[in-house]
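Scroll down for the structure; my scribbles are underneath it.
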Amino acid sequence: MHARILMAGGDLPSKVWQDCGFHDYSGFYRAFTKLYGLSPKEYLKIGI
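Note that my numbering has the sequence shown beginning at 3, numbered continuously upward.
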């Protein structure tokens, strides 16, 4: 949820994963995709 808020505010996924407490981007990517069914970049493209 926090990642969605940050990205809605204009932060890029490459920065958001650190702010959300992940140790690497791949872990963030897997968790985000599993939860929302979209990759972080796809999520930004459709502008939810």
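Even for Gly, the Cβ is constructed at its ideal location relative to N, Cα and C. Values in this document were obtained by computation on a predicted structure and should not be read as measured data.
query, result
"Which of helix, strand or coil DSSP assigns to Ser41", "coil"
"Of the residues Lys43, Ile48, Gly49 and Lys47, the one placed nearest Lys71, counting alpha carbons only", "Limits of the chain in this structure are 3 at one end and 50 at the other, which puts residue 71 out of reach."
"Residue burial classification, Met9 (beta-carbon count within 10 angstroms, cutoff 16)", "buried"
"C-beta atoms of Pro15 and Leu46 nearer than 9 Å", "yes"
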